[in-house]
Structure formats: C-alpha cells, structure tokens
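Trainee:
Residue numbers (my numbering): 245 to 863.
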C-alpha cells in the first residue's frame with residue numbers, strides 16, 4: 245500500500261498563499277467586506293458596554309440616584325440591538341462565505357481534474373486527490389468563512405480597546421500592552437513546530453485515505469493472496485504515525501494557549517492592584533467606575549489575544565491544506581493544446597466544432613521515440629503507416645510497447661521525439677478534444693458509471709434518443725441480454741457495474757463506443773476476460789462495427805485477431821513481424837510459434853473440459 249509521496253511545502257506562514265485563496269473567493273469579496281463592517285461595529289459595541297457599566301457605577305450606584313436612568317436604558321438597549329443585528333449578519337454572511345468558497349474550490353478543482361491528461365491520473369493515487377477535494381477543501385472554507393473573519397474582529401477590538409485604555413490611564417495601559425511582545429515571541433516559537441506537526445498529519449491522512457481506497461477496491465485480491473496481516477501492519481504503521489503527529493500538534497497547542505492565558509491573568513492582576521490603590525487613595529485619583537471599565541478592558545483585551553493565538557494555530561494547520569489544494573489548482577497539464585490551436589478549435593469546455601475537420605483515419609508514426617518520466621524507454625525511432633479504414637492488431641509479450649503505441653495515438657501521452665500524423669497533419673496541430681471525440685475506446689475491464697444501462701450507453705452522447713440507444717445496443721449484440729432483464733434498459737448496473745457480468749459490461753461498453761460513431765476504434769484486450777459465448781457475440785459485433793473505420797486491437801487471445809487487415813508483432817518497442825494472419829502463419833516465425841502454442845493450449849483445455857470425470861478407485 246504505497247502511495248504518492250507528497251511535496252514538502254514551505255516551512256513558514258506564507259501570506260501570499262492566503263492572498264491567492266482570497267483571490268479564489270473573489271465572488272464573495274462584497275460579503276467579506278460586509279462581514280468586516282459588521283465585525284467592526286460589534287467591536288465598537290464591545291468597547292461601549294464597559295463604558296456604560298462604568299457610567300452606571302459612578303452616576304447611579306455611587307450617587308444613589310436613578311435620575312436619567314430612562315435615557316441610559318434606552319442607549320444600552322439601542323447598543324444591544326445593534327450588536328444583535330450585527331452578530332446575526334455576521335453568522336449569516338460567514339456561513340454563506342464558507343459554503344460558497346467550498347463550492348468554488350471544489351468546482352475549480354473538478355474542472356482542473358477534467359483538464360488534466362490521463363498521464364496525471366496514471367501517477368496520482370485516488371486517495372491523494374480525494375483528500376484534496378474533500379477534507380482539505382472543507383478546512384479552507386472553514387478558515388476563510390470563520391477564522392480569518394474572527395481574526396479581523398480581534399484586531400479591530402484590540403486597537404479600539406488599547407486606545408480606550410490609554411485614554412483612561414496611560415501608565416496601566418502601557419503595562420498591559422507590554423505583555424503583547426512576549427506573546428508574539430512565543431507565537432513565533434510555536435508556529436514552526438505546530439505547522440510542521442499539522443503538515444505531517446495532512447500528509448499521513450492522505451496516505452490513510454489511499455490505503456482505505458486500495459483496501460476496499462482490492463478486497464478480492466487481498467483475500468486470495470492472504471495479505472490481511474501485512475496490510476494491517478502497513479495500515480497500523482500509518483495510523484500510528486498520524487496519532488503521534490496529532491498528539492504532538494495537540495500538545496503544542498495545549499502548551500501555547502495556557503501561556504497566553506497566564507500572561508493575561510498576571511497583567512489583569514497588576515492592573516487591579518495598582519488601580520485599587522488609586523481608588524482607595526485620599527483623595528482618590530481614580531473612580532470605582534473607571535477602574536471597573538479598565539479591568540473589563542483588561543480582561544476583554546486578552547480574550548481576542550487568546551482568539552488570535554488560537555486562529556494563528558489554526559492557520560498553521562490550514563496552510564498545509566491550502567498548499568495541497570492550490571498545488572492541484574496550479575497544476576499545468578503536461579499535454580495540452582497550444583494557444584494557437586485552442587484559439588482555432590476551442591477547448592474542452594468551449595469547443596469550436598464548426599472549425600473541426602473530418603477525421604478519415606490515415607495514421608503515421610514518423611520516427612517516434614518515447615520514454616516515461618522515470619526514464620523508462622519504450623519506443624525508439626518507431627515508424628508505422630496505417631491506411632484509413634485499416635484494422636491493425638498489436639500482439640506481443642507484456643511490456644513490449646503495445647499499449648504505449650495506442651496511448652500515444654490517443655494522445656494520452658505525447659512522443660518525446662518524432663511526430664504522429666493523422667490525415668497527413670501533425671496531431672498537435674489539432675485539438676485534443678477533436679481527436680478524442682473521434683475515439684471509440686473499449687477496455688479489458690470497462691468502467692460502468694452509476695445509473696442505468698441506458699445512462700451508461702449514452703454516457704458520451706447524453707442527447708441520444710431511445711432509437712439511437714437501441715440501435716447501438718443491437719450493433720454491439722447487447723440488445724438481447726438487456727431485453728431479458730426485468731427492467732430492460734432501465735436496469736441499474738450497481739457500483740462499478742457490479743450487477744452485470746464481465747461479458748455484459750463489455751457489450752454495454754461496445755454499445756457506448758458505437759453510439760458516439762467514432763472514426764478511430766481502440767480495442768484493448770476487449771475479449772480476454774469474457775466467456776466463450778460473450779466472446780462470440782463481441783467478435784460478431786467487431787466484424788460489423790470496424791468496417792470502414794481505422795482500428796487498433798491489442799490482443800492476447802490471438803484467435804480474436806485473425807480477421808485483422810494487418811497484424812503487427814511488437815517486441816521491445818519494435819515491429820519484428822507484420823502481415824495478415826495467413827501470411828504470418830506461412831512465414832513460421834515468432835507469430836506462428838505464439839499462435840500454434842496458444843492454439844494447442846486451448847485445444848488441450850477444451851479436451852480436459854469435455855472429458856467425463858473418472859471415479860476414484862481406491863486400493
């Protein structure tokens with residue numbers, strides 16, 4: 245259960261990163277400013293309330309009078325109503341920002357995943373991507389919608405509170421404010437350690453998500469290979485690592501906040517002591533109401549300091565998530581159209597189909613070389629010309645380069661050297677969407693999407709009517725088995741097509757490919773995992789479907805390629821033999837040995853299957 249190793253991101257708080265996130269939240273900038281305004285008004289109200297309390301002590305309690313009480317109550321209630329309205333507005337707008345930002349990030353993330361080429365998914369594990377678009381995105385939305393806005397309130401309140409304290413008693417205020425620099429130094433000390441711990445938590449969580457995905461998807465393989473104990477060991481190692489990182493992060497946060505509280509309490513005690521002496525002095529240099537106001541400010545002063553400290557710690561943990569999400573959003577496809585091609589033919593989301601030329605299917609590999617990013621060289625100076633409408637079969641050992649040739653043709657990858665021409669034109673001069681819209685691709689293990697059989701058949705053409713769907717199914721020899729189902733085309737396929745057999749899924753995938761009427765057909769081991777009956781149906785379908793279309797068939801079962809116009813025997817990325825089935829049999833080369841050996845194995849297996857079981861005669 246080894247997954248993709250995540251990048252180690254920056255080691256300090258990156259303000260530019262948060263600026264980029266706020267840019268993503270652009271549609272909600274008006275809401276953000278409204279929240280800032282409401283939080284500012286709330287901060288003003290929080291500063292006014294202690295003043296009103298102090299006024300009440302000095303003018304009503306100390307003087308033992310109720311004169312002017314009505315006006316005072318009116319002002320108090322007015323401030324309270326304003327604060328309640330602002331709190332409601334804050335909660336409403338912050339909730340809206342949280343949901344909206346989460347929606348925007350996931351929408352942009354999903355769009356980015358649609359734009360990225362097949363090669364990206366070939367090297368990125370599912371759990372790695374899922375954690376970005378789920379837990380990481382939600383964490384960022386929470387941070388922007390709540391934490392950052394709480395931070396704004398804290399800063400505004402601290403500034404206003406400091407101003408009021410200096411107006412009331414500048415000496416005591418100076419003592420209180422002097423506590424802030426030590427808190428800043430403590431924050432700097434803890435930030436690196438908290439950030440590192442939370443970053444490790446996020447990295448490990450991604451691996452755990454991937455392990456869960458592999459464990460569920462590969463359950464059958466795990467059982468047959470008796471891997472339960474080993475998988476459990478590997479998973480325990482991951483969870484133990486995450487536990488240790490989480491405990492370390494929690495411990496650091498647990499140390500951080502009490503230190504802040506302790507410093508704030510000491511400062512409050514000092515203010516109470518010095519202020520009390522001035523109240524008791526003869527004559528008094530400070531009124532009891534003013535002391536109460538100052539003490540309230542002192543207590544309230546350290547509440548936003550504690551909140552800022554907490555939010556700062558949250559930002560440390562959220563930055564790891566922000567880095568992960570933004571790295572995905574910033575990923576540039578390594579296979580994409582040039583600006584000139586995109587301008588002429590459009591892109592995946594804004595195609596200019598009116599400019600698309602017809603695809604006839606003449607294919608040329610011109611001195612093509614290819615190697616994967618890890619340095620593995622597959623093709624070297626590979627040349628091949630396929631006439632329009634010609635059916636090509638690719639045979640050879642595993643790892644010989646058959647799939648690579650097809651992947652290059654489909655532009656899932658691009659040559660590292662040389663050119664691939666379609667109808668005499670370098671396919672890089674045409675759009676990716678143009679090429680892949682003309683592809684019909686049938687896999688050995690086709691994927692079935694959630695929904696009905698009808699939904700799956702018209703997955704590539706959602707606008708197809710019932711007649712077109714049925715016609716495609718009939719051409720694929722799928723109509724008969726679909727009609728026998730209780731709900732026919734409305735039958736649900738189950739998760740991943742679990743309610744259908746391998747042969748039925750294959751026939752449905754054929755119908756799906758036929759419906760889009762492709763000029764190029766790719767059959768990747770399309771019959772290797774189905775029973776004899778299904779294979780016969782598929783072979784019948786192939787014969788009719790491929791007529792007049794350029795097609796490439798990757799085949800392990802050589803009986804399925806006998807009717808191909810040309811068979812290419814691939815070895816180490818080179819064509820070592822080519823010709824029709826009959827020509828290659830007469831030649832008695834590599835293909836002959838491969839075919840006859842496979843034929844003998846199949847005949848022997850058929851004899852064994854047909855032979856009646858013999859009773860055991862014991863001694």
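For each residue, glycine too, the CB sits at the ideal point set by N, CA and C.
#1: Please identify the residue among 411, 532, 604, 737 whose C-alpha is closest to the C-alpha of residue 307.
#2: Looking only at its chain, what residues have a beta carbon closer than 7 Å to the beta carbon of residue 861, apart from the 5 residues adjacent to it on each side?
#3: Do residue 372 and residue 450 count as a contact pair if the criterion is CB distance below 7 Å?
#4: What's the gap between the Cα of residue 579 and the Cα of residue 650?
#5: When the Cα of residue 645 is compared with those of 815, 731, 292, which residue comes out closest?
#6: Can the beta-carbon of residue 722 be found closer than 7 Å to that of residue 757?
#7: List the whole-angstrom C-beta distance separating residue 733 from residue 697, where the pair is believed to meet the contact cut-off of C-beta under 8 Å.
#8: Just the C-alpha distance for residue 622 and residue 648, rounded to the nearest angstrom, thanks.
#9: Return the CA-CA distance between residue 574 and residue 339, expressed in angstroms with no decimal places.
#10: Considering only the alpha carbon of each residue, which of 494, 700, 782 lies closest to residue 768?
#11: Where do the N-terminal and C-terminal ends of the alpha helix (DSSP H) with residue 279 fall, by residue?
#12: Between residue 581 and residue 501, is the Cβ-Cβ spacing less than 7 Å?
#13: Tell me the start and end of each unbroken alpha helix (DSSP H) in the region 418-498 that is at least 4 residues and wholly inside, in chain order.
#14: State the DSSP-derived secondary structure class of residue 246, mapped to helix, strand or coil.
#15: Per DSSP, what are the beta-bridge partners of residue 764 in this structure?
#16: Reducing DSSP to helix, strand and coil, say where residue 311 ends up.
#17: Report the option in 452, 333, 285, 493 whose CA atom is closest to the CA atom of residue 398.
#18: Would you kindly work out how many angstroms separate the C-alpha atoms of residue 811 and residue 766, rounded to a whole number?
#19: Hey, how far is the Cα of residue 247 from the Cα of residue 586?
#20: Assign residue 507 to one of three DSSP states: helix, strand, or coil.
#21: State the start and end residues of the unbroken beta strand (DSSP E) segment that holds residue 815.
#22: Measure how close the beta-carbons of residue 611 and residue 625 come, nearest whole angstrom, since I'm counting them as under 8 Å.
#23: Determine whether the beta carbon atoms of residue 518 and residue 416 lie at a separation below 7 Å.
#24: Whole angstroms is fine: what's the gap from residue 470's alpha carbon to residue 463's?
#25: Can you round the beta-carbon distance between residue 282 and residue 330 to whole angstroms, since I take them to be within the 8 Å contact cut?
#26: With three or more beta-carbon pairs closer than 8 Å as the criterion, would you say the region 465-484 touches the region 493-511?
#27: Just how far apart, CA to CA, sit residue 637 and residue 797?
#28: In chain order, which alpha helix (DSSP H) runs of at least 4 residues are fully inside the region 616-669?
#29: Relative to the alpha-carbon of residue 652, which residue among 362, 577, 310 has its alpha-carbon at the smallest distance?
#30: Sort 424, 484, 270 by Cα distance to residue 388 and report the nearest one.
#31: Using only the alpha-carbon positions, how far apart do residue 691 and residue 741 sit?
#32: Hey, residue 441 and residue 485: beta-carbon distance below 7 Å or not?
#33: When you compare only the Cα positions, how much space is there between residue 822 and residue 716?
#34: Among all the DSSP beta bridges, which residues are the ones paired with residue 612?
#35: I need the straight-line Cα distance from residue 701 to residue 753, nearest angstrom please.
#36: Measuring alpha carbon to alpha carbon, tell me which residue in 785, 673, 659 is nearest residue 718.
Mentor: Result, derived from the coordinates:
#1: Your numbering for residue 307 matches position 63 in the chain shown. Among 411, 532, 604, 737, the Cα nearest to that of residue 307 is on 532.
#2: Within the chain shown, residue 861 is the residue found at index 617, counting from 1. Summary for residue 861: the model assigns pLDDT 46, below 50, so the residue's position carries little reliability; its value from the coordinates is reported in the next sentence. For residue 861, where only same-chain residues beyond five positions count, there are no Cβ hits under 7 Å.
#3: Numbered from its first residue, the chain shown carries residue 450 at position 206. Numbered from its first residue, the chain shown carries residue 372 at position 128. It is a contact, given that the beta carbons lie within the stated cut-off.
#4: Here the question's residue 579 lines up with position 335 in the chain shown. Here the question's residue 650 lines up with position 406 in the chain shown. About 16 Å.
#5: Residue 645 sits at position 401 when you count from the first residue of the chain shown. If we check each option's Cα against that of residue 645, 815 comes out closest.
#6: Mapped onto the chain shown, residue 722 falls at position 478. Mapped onto the chain shown, residue 757 falls at position 513. Going by C-beta atoms, residue 722 is not nearer than 7 Å to residue 757.
#7: In the chain shown, counting from the first residue as 1, residue 733 sits at position 489. In the chain shown, counting from the first residue as 1, residue 697 sits at position 453. Rounded, the Cβ-Cβ distance is 5 Å, consistent with contact.
#8: Residue numbering aside, residue 622 sits at position 378 when the chain shown is read from its first letter. Residue numbering aside, residue 648 sits at position 404 when the chain shown is read from its first letter. Their Cα atoms are separated by approximately 8 Å.
#9: Your numbering for residue 574 matches position 330 in the chain shown. Your numbering for residue 339 matches position 95 in the chain shown. Approximately 27 Å, taken between the alpha carbons.
#10: Here residue 768 is taken as the residue at index 524 of the chain shown, counted from 1. Taking only the C-alpha atoms, the option nearest residue 768 is 782.
#11: Within the chain shown, the letter at position 35 stands for residue 279. Here the alpha helix (DSSP H) through residue 279 covers 273-300.
#12: Numbered from 1 along the chain shown, position 337 holds the residue referred to as residue 581. Numbered from 1 along the chain shown, position 257 holds the residue referred to as residue 501. No, these two residues do not count as a Cβ contact at 7 Å.
#13: 424-461, 463-468
#14: Within the chain shown, the letter at position 2 stands for residue 246. Low local confidence applies: a pLDDT of 44 at residue 246 is under 50, so the model's placement there is unreliable, and no value is given.
#15: As a working mapping, residue 764 is identified with position 520 in the chain shown. Its beta-bridge partners are 683, 794.
#16: Here residue 311 refers to the residue found at position 67 when the chain shown is read from its first residue. Coil at residue 311, not helix or strand.
#17: Taking the chain shown and counting its residues from 1, one reaches residue 398 at position 154. Answer by Cα proximity: 285.
#18: In the chain shown, the residue the question calls residue 811 occupies position 567. In the chain shown, the residue the question calls residue 766 occupies position 522. Going by the C-alpha atoms only, they are around 14 Å apart.
#19: Counting from one through the chain shown, the residue named residue 247 turns up at place 3. Counting from one through the chain shown, the residue named residue 586 turns up at place 342. Any reading at residue 247 must be qualified, since the residue scores a pLDDT of 45, below 50, and its modelled position is unreliable; the value itself is stated next. Taking the straight line from one Cα to the other gives about 34 Å.
#20: One-based indexing of the chain shown puts residue 507 at position 263. Looking at residue 507 - three-state DSSP - the assignment turns out to be helix.
#21: Sequence index remark: in the chain shown, residue 815 carries index 571 (1-based). Looking at the DSSP string, the run of the beta strand (DSSP E) that includes residue 815 is 810-815.
#22: As a first step, residue 611 must be located in the chain shown, where it is residue number 367. As a first step, residue 625 must be located in the chain shown, where it is residue number 381. Sure, about 5 Å apart at Cβ, within 8 Å.
#23: In the chain shown, counting from the first residue as 1, residue 518 sits at position 274. In the chain shown, counting from the first residue as 1, residue 416 sits at position 172. In this structure, residue 416 lies closer than 7 Å to residue 518 by Cβ.
#24: Taking the chain shown and counting its residues from 1, the one referred to as residue 470 is at position 226. Taking the chain shown and counting its residues from 1, the one referred to as residue 463 is at position 219. If you take the alpha carbons of residue 470 and residue 463, they lie about 10 Å apart.
#25: Numbered from 1 along the chain shown, position 38 holds the residue referred to as residue 282. Numbered from 1 along the chain shown, position 86 holds the residue referred to as residue 330. Confirmed, Cβ separation roughly 4 Å.
#26: no
#27: As a first step, residue 637 must be located in the chain shown, where it is residue number 393. As a first step, residue 797 must be located in the chain shown, where it is residue number 553. Going by the C-alpha atoms only, they are around 5 Å apart.
#28: 646-653
#29: Here residue 652 corresponds to residue number 408 of the chain shown, with the count starting at 1. The shortest Cα separation from residue 652 among 362, 577, 310 belongs to 362.
#30: The residue given as residue 388 occupies position 144 in the chain shown. That would be 270, whose Cα lies nearest to the Cα of residue 388.
#31: In the chain shown, residue 691 corresponds to position 447, counting from 1. In the chain shown, residue 741 corresponds to position 497, counting from 1. Rounded to whole angstroms, residue 691 to residue 741 spans 7 Å at the Cα level.
#32: By 1-based counting over the chain shown, the position of residue 441 is 197. By 1-based counting over the chain shown, the position of residue 485 is 241. No; because the gap between Cβ atoms is not below 7 Å, this pair is not in contact.
#33: Start at 1 with the first residue of the chain shown, and residue 822 comes out as number 578. Start at 1 with the first residue of the chain shown, and residue 716 comes out as number 472. Their Cα atoms are separated by approximately 32 Å.
#34: In the chain shown, the residue the question calls residue 612 occupies position 368. Looking at the DSSP assignment, residue 612 forms a beta bridge with 626.
#35: Walking along the chain shown from the start, residue 701 turns up at place 457. Walking along the chain shown from the start, residue 753 turns up at place 509. Computed Cα separation, rounded: 7 Å.
#36: Walking along the chain shown from the start, residue 718 turns up at place 474. The option with the nearest alpha carbon to residue 718 is 785.
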